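Visitor: My numbering applies: residue 776 is where the sequence shown begins, and numbers increase by one.
Take a look at the following structure, please.
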Amino acid sequence: MAAFKNLLCSASFSTITVWVKIASDSVIGDQNCASGGYVPSATLSDCESGCLSVSGCTAVDWNINGAGCSYRQCTTYPPNYLGQSDWEVWAIKTETSTTTTISIPAVTFLNGSYSFWPMENNAFDVISGLSGTGVNSPTYVTPGITGSGYALKLIRSSHQYITIPIYKSFVNTSFTVEMWIYPTSLDVNYHALFTQRDTESHDHYLHLVIENFQLNMEFYSNGVKGTTSLTANAWYHIAFVYDYSSKTQTIYLNGNQDASRSSAGPYLGMTGSITIGHLPNIEGNTNFDGYIDQVSLTMSAKSAGDILNDATLASWHSFDCEITHDSGPNKLQGKAIDVTLASGKVNQALKFSLSSSYYQVRRRLS
């Protein structure tokens, strides 16, 4: 997985002139293109440079023995021509040269505004340094939600989970937690997803869990419960959003709002590790059972449109960065065969000029 959600790209375009040999033993002639002048003797280089000095000249008839050069003012490319021994037809082809600048956002370590745990065979936060460690030896399975890479596998009966010991403040602020989950078993009890425990008191225990088959967002005695019942052995995109300005808790399931509650919070817990897949200090087994992938934390309240994109957008290939780069949430690599970059409607585009030209997304969602 890429270490950054998006690359920042800019492109500049310039037009270059290329001389292309159209035909041998041929001439364009006056009947196909207007004459722009004639010189009685010239090398091919002199013939081409002379054409460039003549207004409207786009092609030449050149005698291979250097016995003559006719400048042609053609309006189409390639120009029409007819047979004539010892002559060649050369025409100007205009191409676009593209220079792409790719810059990578600087990494913001420790308590940055965005964290991302792609679960690529480890619990590293590839953005902000809030990396986790496994408890009771959790493993990773392949493929993950993208159809490649890995996903975290937690076994409830083995009490496996991820702990992130560095404190992250959620006090008096907005935040969004998103992830893909694949529960392999569910029941009426807690199945923890993302938690931070300060104390078991009002607004001091953040827990995002599945309870009684439904998603639940709690600050402890201050939360909202989802309305849709989940089933085992299916992938779900889930999102929990807290908007501090409106004091609203919102749960999203597969990109759609599942529940919302106003006059909620804010969260006030001042200490505590983040855990993924476990609800600390609660009686009974609270561990998640199944797979978790692509966990993200954004220190702002993401919009409904952003959440829908994260849940449903499979890939976004703008061609403004490296040609195969996917700027969407799943980082699905492209494959380009016999295509070239060209100026597009918005920044760069791909030009398909050969029968063999194609572009393919090489991985698919599972």
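Cβ atoms here follow ideal geometry from the backbone N, Cα and C, with glycine treated the same way.
Quantities reported herein were computed from a predicted structural model and do not represent experimental measurements.
Let me know if His977 comes out buried or exposed under the rule of 16 or more other beta-carbons within 10 Å of its beta-carbon.
Guide: If you number the sequence shown from 1, residue 977 lands on position 202. Result: exposed.
Visitor: My understanding is that Asp1018 touches Ser949, with C-beta atoms under 8 Å, so please give their C-beta distance in whole angstroms.
Guide: Your numbering for residue 1018 matches position 243 in the sequence shown. Your numbering for residue 949 matches position 174 in the sequence shown. Indeed they touch by this definition, with Cβ atoms about 5 Å apart.
Visitor: How many whole angstroms separate the CB atoms of Ile937 and Ala898, which I take to be in contact at a CB cut-off of 8 Å?
Guide: Reading the sequence shown from its first residue, position 162 is the one you call residue 937. Reading the sequence shown from its first residue, position 123 is the one you call residue 898. Going by Cβ atoms, the distance from Ile937 to Ala898 rounds to 5 Å, so yes, they are a contact pair.
Visitor: Between His934 and the rest of its own chain, which residues show a CB-CB distance below 8 Å, the 5 nearest in sequence each way excluded?
Guide: Here residue 934 refers to the residue found at position 159 of the sequence shown. Taken in chain order, the residues that qualify are Val910, Asn911, His1053, Asn1060, Asn1062.
Visitor: When you compare only the Cα positions, how much space is there between Asn1084 and Trp1091?
Guide: Against the sequence shown, residue 1084 aligns to sequence position 309. Against the sequence shown, residue 1091 aligns to sequence position 316. Approximately 11 Å, taken between the alpha carbons.
Visitor: Of the choices Lys1077, Ser932, Thr914, whose alpha-carbon is the least far from that of Trp925?
Guide: Taking the sequence shown and counting its residues from 1, the one referred to as residue 925 is at position 150. Sequence inspection shows Tyr at residue 925; the Trp mentioned does not correspond to that position. Nearest of Lys1077, Ser932, Thr914 to Tyr925, Cα basis: Thr914.
Visitor: Determine which residues share a DSSP beta bridge with Glu863 and list them.
Guide: By one-based count along the sequence shown, residue 863 stands at place 88. The partner list for Glu863 (beta bridge, DSSP) reads Ser799, Trp837.
Visitor: So, with DSSP's three-state summary, where would you put Cys849?
Guide: Numbered from its first residue, the sequence shown carries residue 849 at position 74. Coil, per DSSP.
Visitor: Is it a yes or a no for the region 854-872 touching the region 790-810, going by three-plus beta-carbon pairs under 8 Å?
Guide: yes
Visitor: Please classify Ile839 as buried or exposed, where buried requires at least 16 other C-beta atoms within 10 Å of its C-beta.
Guide: The residue given as residue 839 occupies position 64 in the sequence shown. Exposed, by the Cβ-count rule.
Visitor: From this set, Lys1126, Ser890, Met894, which residue's C-alpha is nearest Ser903's C-alpha?
Guide: Start at 1 with the first residue of the sequence shown, and residue 903 comes out as number 128. Residue Ser890 is the option with its Cα nearest to Ser903.
Visitor: Taking 8 Å as the limit between beta carbons, can you name the residues of its chain near Thr818, skipping five residues before and five after?
Guide: Here residue 818 is taken as the residue at index 43 of the sequence shown, counted from 1. Around Thr818: Gly841.
Visitor: Rounded to the nearest angstrom, how far is the Cβ of Ser1035 from that of Thr1025, given a contact under 8 Å?
Guide: Reading the sequence shown from its first residue, position 260 is the one you call residue 1035. Reading the sequence shown from its first residue, position 250 is the one you call residue 1025. Sure, about 4 Å apart at Cβ, within 8 Å.
Visitor: Just the C-alpha distance for Ile879 and Ile797, rounded to the nearest angstrom, thanks.
Guide: Along the sequence shown, read from residue 1 onward, the residue named residue 879 stands at position 104. Along the sequence shown, read from residue 1 onward, the residue named residue 797 stands at position 22. Interpretation of Ile879 is limited by its pLDDT of 46, a score under 50 that renders its predicted location unreliable; no figure is taken from the coordinates.
Visitor: I need the DSSP call for Glu823, collapsed to helix, strand or coil.
Guide: Position 48 of the sequence shown, counted from the first residue, corresponds to residue 823. Helix, per DSSP.
Visitor: For a test of the three-state rule: what should DSSP assign to Asn1031, helix, strand or coil?
Guide: As a first step, residue 1031 must be located in the sequence shown, where it is residue number 256. Asn1031 falls in the strand class under three-state DSSP.
Visitor: Do Val829 and Gly812 have their C-beta atoms closer together than 9 Å?
Guide: Along the sequence shown, read from residue 1 onward, the residue named residue 829 stands at position 54. Along the sequence shown, read from residue 1 onward, the residue named residue 812 stands at position 37. Cβ distance < 9 Å, so Val829 and Gly812 count as in contact.
Visitor: Report the partner residues of Asp1191 according to the DSSP bridge assignment.
Guide: Within the shown structure, residues of the chain are numbered from 776 to 1141, placing residue 1191 beyond reach of any answer.
Visitor: For Trp794, which residues of its own chain have a beta-carbon under 8 Å away from its beta-carbon, when the five flanking residues on both sides are left out?
Guide: Working through the sequence shown from its first residue, we reach residue 794 at position 19. Counting only Cβ-Cβ distances below 8 Å, and skipping sequence neighbours, we find Glu823, Trp865, Ala866, Ile867, Lys868.
Visitor: Cβ of Tyr1134 within 9 Å of Cβ of Thr959?
Guide: Taking the first residue of the sequence shown as position 1, residue 1134 is located at position 359. Taking the first residue of the sequence shown as position 1, residue 959 is located at position 184. Against a cut-off of 9 Å, the Cβ pair of Thr959 and Tyr1134 comes out as no contact.
Visitor: When you compare only the Cα positions, how much space is there between Ala1039 and Lys1022?
Guide: Translated into positions along the sequence shown, residue 1039 becomes position 264. Translated into positions along the sequence shown, residue 1022 becomes position 247. Near 5 Å, if we compare the C-alpha coordinates of Lys1022 and Ala1039.
Visitor: Short check: CB of Tyr942 to CB of Thr1046, under 9 Å?
Guide: The residue labelled residue 942 in the question sits at position 167 within the sequence shown. The residue labelled residue 1046 in the question sits at position 271 within the sequence shown. Contact: yes.
Visitor: Under three-state DSSP, which class holds Asp962?
Guide: Translated into positions along the sequence shown, residue 962 becomes position 187. Looking at Asp962 - three-state DSSP - the assignment turns out to be coil, as it is neither helix nor strand.
Visitor: In chain order, what are the residue ranges of uninterrupted alpha helix (DSSP H) at least 4 long that sit wholly in the region 1065-1116?
Guide: Segments of the alpha helix (DSSP H) lying fully in the region 1065-1116: 1079-1087.
Visitor: Ends of the beta strand (DSSP E) at Ser810?
Guide: For the purposes of this step, residue 810 is identified with residue 35 of the sequence shown, where counting begins at 1. It spans 809-814 - the beta strand (DSSP E) in which Ser810 sits, taken as one unbroken run.
Visitor: Got a sec? Which residues, its chain only, sit under 6 Å from Ser888 by beta carbon, not counting five neighbours each side?
Guide: The sequence position of residue 888 within the sequence shown is 113, counting from 1. Within the same chain, Ser888 has close Cβ partners Met1074.
Visitor: Rounded to whole angstroms, how far is the Cβ of Lys1123 from the Cβ of Met894, which I believe are closer than 8 Å?
Guide: Your numbering for residue 1123 matches position 348 in the sequence shown. Your numbering for residue 894 matches position 119 in the sequence shown. Note on residue identity: the sequence assigns Gln, not Lys, to residue 1123. About 32 Å separates the two Cβ atoms, so there is no contact after all.
Visitor: What is the DSSP secondary structure of Ser944, reduced to helix, strand or coil?
Guide: Here residue 944 is taken as the residue at index 169 of the sequence shown, counted from 1. Three-state result, Ser944: coil.
Visitor: Could you please give me the residues that DSSP links to Leu1048 through a beta bridge?
Guide: By one-based count along the sequence shown, residue 1048 stands at place 273. Here residue 1048 is Ser; the residue named in the question, Leu, does not match the sequence. Partner(s): none; Ser1048 has no beta bridge.
Visitor: Sort Ser1037, Ile956, His1100 by Cα distance to Ile985 and report the nearest one.
Guide: As a working mapping, residue 985 is identified with position 210 in the sequence shown. Relative to the Cα of Ile985, the nearest Cα in the group Ser1037, Ile956, His1100 belongs to Ile956.
Visitor: What is the residue span of the beta strand (DSSP E) that Ile937 lies within?
Guide: The residue labelled residue 937 in the question sits at position 162 within the sequence shown. First-last of the beta strand (DSSP E) with Ile937: 936-939.
Visitor: Report the three-state DSSP secondary structure of Ser933 (helix, strand or coil).
Guide: Within the sequence shown, the letter at position 158 stands for residue 933. In the structure shown, Ser933 sits in a helix (DSSP, three-state: H, G or I).
Visitor: So Gly998 is in the beta strand (DSSP E); what residue range does that whole segment cover?
Guide: In the sequence shown, counting from the first residue as 1, residue 998 sits at position 223. Element bounds for Gly998: 998-1000.
Visitor: Jot down the residue ranges of each uninterrupted beta strand (DSSP E) in the region 966-999, minimum 3 residues, whole runs only, in chain order.
Guide: 980-986, 989-993
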